[in-house]
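Heads up: the protein sequence lines correspond to chains A and B, in order. So for the first sequence, the working numbering puts the first residue at 2; every next one is plus one. So for the second sequence, the working numbering puts the first residue at 2; every next one is plus one. Note that the Cβ used here is the ideal one computed from N, Cα and C, for glycine as well.
Number of protein chains: 2
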Amino acid sequence: MTGASGAEAAGAGEFGFIARHFRPLAGAESLDLRDDCALMRCPEGEEFAISTDTMVESVHFLPSDPPETLGRKLLRCNLSDLAAMGARPHAYTLNVTVPRGGRHDENWFAAFSRGLAEDQERYGVHLIGGDTTSISGPLVLSATVFGLLRHNTALRRSTARPGDEIWVTGTIGDAALGLLVLQGSLQDPSGFLAERYHLPRPRTGLHLHGIVSAAMDISDGLIQDCGHIAEESGVQLVVDTEAVPVSSAAASLGHEWLMRRLCGGDDYELLLTCAPERSAALQAACQAAAVPVHRIGTVRTGSGVRLLDGEGHEIVPEQGGWQHF
Amino acid sequence: MTGASGAEAAGAGEFGFIARHFRPLAGAESLDLRDDCALMRCPEGEEFAISTDTMVESVHFLPSDPPETLGRKLLRCNLSDLAAMGARPHAYTLNVTVPRGGRHDENWFAAFSRGLAEDQERYGVHLIGGDTTSISGPLVLSATVFGLLRHNTALRRSTARPGDEIWVTGTIGDAALGLLVLQGSLQDPSGFLAERYHLPRPRTGLHLHGIVSAAMDISDGLIQDCGHIAEESGVQLVVDTEAVPVSSAAASLGHEWLMRRLCGGDDYELLLTCAPERSAALQAACQAAAVPVHRIGTVRTGSGVRLLDGEGHEIVPEQGGWQHF
Numbered sequence: 002m003t004g005a006s007g008a009e010a011a012g013a014g015e016f017g018f019i020a021r022h023f024r025p026l027a028g029a030e031s032l033d034l035r036d037d038c039a040l041m042r043c044p045e046g047e048e049f050a051i052s053t054d055t056m057v058e059s060v061h062f063l064p065s066d067p068p069e070t071l072g073r074k075l076l077r078c079n080l081s082d083l084a085a086m087g088a089r090p091h092a093y094t095l096n097v098t099v100p101r102g103g104r105h106d107e108n109w110f111a112a113f114s115r116g117l118a119e120d121q122e123r124y125g126v127h128l129i130g131g132d133t134t135s136i137s138g139p140l141v142l143s144a145t146v147f148g149l150l151r152h153n154t155a156l157r158r159s160t161a162r163p164g165d166e167i168w169v170t171g172t173i174g175d176a177a178l179g180l181l182v183l184q185g186s187l188q189d190p191s192g193f194l195a196e197r198y199h200l201p202r203p204r205t206g207l208h209l210h211g212i213v214s215a216a217m218d219i220s221d222g223l224i225q226d227c228g229h230i231a232e233e234s235g236v237q238l239v240v241d242t243e244a245v246p247v248s249s250a251a252a253s254l255g256h257e258w259l260m261r262r263l264c265g266g267d268d269y270e271l272l273l274t275c276a277p278e279r280s281a282a283l284q285a286a287c288q289a290a291a292v293p294v295h296r297i298g299t300v301r302t303g304s305g306v307r308l309l310d311g312e313g314h315e316i317v318p319e320q321g322g323w324q325h326f
Numbered sequence: 002m003t004g005a006s007g008a009e010a011a012g013a014g015e016f017g018f019i020a021r022h023f024r025p026l027a028g029a030e031s032l033d034l035r036d037d038c039a040l041m042r043c044p045e046g047e048e049f050a051i052s053t054d055t056m057v058e059s060v061h062f063l064p065s066d067p068p069e070t071l072g073r074k075l076l077r078c079n080l081s082d083l084a085a086m087g088a089r090p091h092a093y094t095l096n097v098t099v100p101r102g103g104r105h106d107e108n109w110f111a112a113f114s115r116g117l118a119e120d121q122e123r124y125g126v127h128l129i130g131g132d133t134t135s136i137s138g139p140l141v142l143s144a145t146v147f148g149l150l151r152h153n154t155a156l157r158r159s160t161a162r163p164g165d166e167i168w169v170t171g172t173i174g175d176a177a178l179g180l181l182v183l184q185g186s187l188q189d190p191s192g193f194l195a196e197r198y199h200l201p202r203p204r205t206g207l208h209l210h211g212i213v214s215a216a217m218d219i220s221d222g223l224i225q226d227c228g229h230i231a232e233e234s235g236v237q238l239v240v241d242t243e244a245v246p247v248s249s250a251a252a253s254l255g256h257e258w259l260m261r262r263l264c265g266g267d268d269y270e271l272l273l274t275c276a277p278e279r280s281a282a283l284q285a286a287c288q289a290a291a292v293p294v295h296r297i298g299t300v301r302t303g304s305g306v307r308l309l310d311g312e313g314h315e316i317v318p319e320q321g322g323w324q325h326f
């Protein structure tokens, strides 16, 4: 892990800062964050799955979000990408760009790294390197995560086939509604929706190779992400909107929030396609990991995404509606 | 490569943006930037060296810097870390956080990615993934680079031994003076110093395993980085300041800039230690790669960094001087 360099020479204080807050998170491959690079081997017959994400204050998280959750959210969003390809979490790098003269003091960073430590244990990952810099602007966090998987076993977006069923894990739309709760435009006394916005639950630990035909994680919103599978696979996804699983907290807000749930982002659930004859195996694999999974539609020949209501009628979006996501 | 997600759902325009500016840079391992992760294998008997850096506008580069150089500078700073460990460049991820409503338009990004394309060819690397986000603040760029090297051949900072000689590649202090030129406080009609600030020349392509005893790249300033080797190796580095190589452009500014050159950052040259009996091999290896190399001192038992003037007398820094870097 290097400190800020160049125009802003790293002070001795910065190295102490790294030692205090980040060295305890570092694995052996990091060389204790003391050298120019981390060194990482790949077990024979395996390859790395690599994903990177940036989160910007006031864009991807709120200035009022607790520091304990910020690094965890960044890590979990990336781990969700690993889950989407069927890779098991291994390690990550972290780049922290800290506002000058702000509230990001020792206590803030102690809470930030405490959250990371908790998730490192939960997901079996360790820090291998990073960079700390300063900014006259908002907090910016980037992580690059590394997963491992056997050669030629990665789940892909481009391999859905007509006749497949469409499945999703968990419930959809909670985080999007949670953001509205945190912004004060919705009420959720249970706290469940805000929790889902702060801390996604990446679906690592599922063993879906040989079972599903395609997979991705839902980050941009269910409908938009269905569109990605449709485009990459050259198929049409037909979604039964009434079958899309909803949490009790979201359901209690009423049916008028349906489209917001389907178009909102930050779910970090898995969107899967599966041949009908493999659906029992899919349900068994999810049950083994205690992950709820529901069928929400069918893959057909064609292109794009079609939405059906509870009676099988197509929902024609208003001008400016979901198609523009 | 993923677009901004969550609170800021990615628009169709953003996917086109990635396709136009970044897909041409992407290698096969990126899966064409169309999936959740990149997939990267490691050749048998080798391991990855991994380094990550963030550059922030107005901290690590100037708002007036040409866009062609920004991605290249970021990439080269990271490649310098690979060079320091003796790894050959392979691939990188790129996170771009773009100021809203600013001057970072299609033309800006075309120039930015054109610069990257040039350096990809020069250094033999390719893009494998990334993220684009927006910010109400300055431009922030992060890259994580991947190099390859044979198992157990990495050069380290922690292995310098008393009796070794200290060597550096290239000339020292040019970029630090170049920054002063760009800020208007120094004159350099040749343009050489500003060029060295904009575009470091990472010393990849040297084969130093089995020759040097320790290595790191000089990013925080020669003296501070000598201190890193001293600390990590448990030795003292004695530097003959008059032997530190100086460019014609820097020399023409006069001897009063010596300490600035030795304390400034952004050199991205290599700082090496080498047993005396291996110094001929070191010079031959550098000559084979057309990289100048000069001996600047000696490793001794003890700790810290000592500076000698041309007559072998110790330079005692003033209060508040270089020791505080």
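Listed by chain order, chain B residues near residue i by CB distance under 7 Å
i: N96/A; result: T53, T55, S143
Local Cβ density within 10 Å of residue i, reported as buried at 16 or more and exposed below that
i: A252/A; result: exposed
i: D218/A; result: buried
i: E81/A; result: Sequence inspection shows Ser at residue 81/A; the Glu mentioned does not correspond to that position. Classification for S81/A: buried.
i: E312/B; result: exposed
i: E166/B; result: buried
i: R197/A; result: buried
i: T1/A; result: As displayed, chain A neither begins before 2 nor continues past 326, which places residue 1/A out of reach and without an answer.
i: R101/B; result: exposed
i: A291/B; result: exposed
i: L308/A; result: buried
8 Å Cβ cutoff, residue i in contact with chain B
i: D36/A; result: yes
i: F49/A; result: yes
i: S214/A; result: no
i: C43/A; result: yes
i: E233/A; result: yes
i: D165/A; result: no
i: D82/A; result: yes
i: R158/A; result: yes
i: A161/A; result: no
Close-in-space but distant-in-sequence residues of the same chain around residue i (CB under 6 Å, 5 per side omitted)
i: S59/A; result: P139
i: F193/B; result: A250
i: P68/A; result: W109, A112, F113
i: G72/B; result: F113, G116, L117
i: C38/B; result: none
Per-residue DSSP class, three states only, for residue i
i: L149/B; result: strand
i: P277/A; result: helix
i: A20/B; result: helix
i: E122/A; result: helix
i: E270/B; result: coil
i: S234/A; result: helix
i: T302/A; result: coil
i: D82/B; result: helix
i: D33/A; result: helix
i: S137/B; result: coil
i: V213/A; result: coil
i: L309/B; result: strand
i: T170/A; result: strand
is_contact[residue i, chain A] using C-beta, thresh 8 Å
i: T134/B; result: yes
i: G192/B; result: no
i: M260/B; result: no
i: D218/B; result: yes
i: G17/B; result: no
i: A27/B; result: no
Chain B contact residues for residue i, given Cβ-Cβ distances below 8 Å
i: L181/A; result: Near L181/A there are no residues of chain B at all, since even the closest Cβ is about 10 Å away, more than 8 Å.
Same chain, Cβ closer than 7 Å to residue i, five either side skipped, listed in chain order
i: C227/B; result: L238, V240, L272, V306
i: R24/A; result: D33, L34
Residues of its chain near residue i, where Cβ-Cβ distance is below 8 Å and the 5 sequence neighbours each way are ignored
i: E47/A; result: L149, L150, R151, H152
i: G17/A; result: none
Neighbour list for residue i in chain B, Cβ cutoff strictly below 9 Å
i: P139/A; result: I136, S137, G138
i: G130/A; result: I51, S52, T53, T145
Amino acids of chain A, ordered along the chain, whose beta-carbon sits closer than 8 Å to that of residue i
i: A88/B; result: C38
Within chain A, the residues that residue i reaches when beta carbons sit closer than 9 Å
i: A195/B; result: Result: empty, since nearest Cβ-Cβ is about 13 Å, beyond 9 Å.
i: A85/B; result: D36, D37, C38
Chain A contact residues for residue i, given Cβ-Cβ distances below 7 Å
i: A155/B; result: L40
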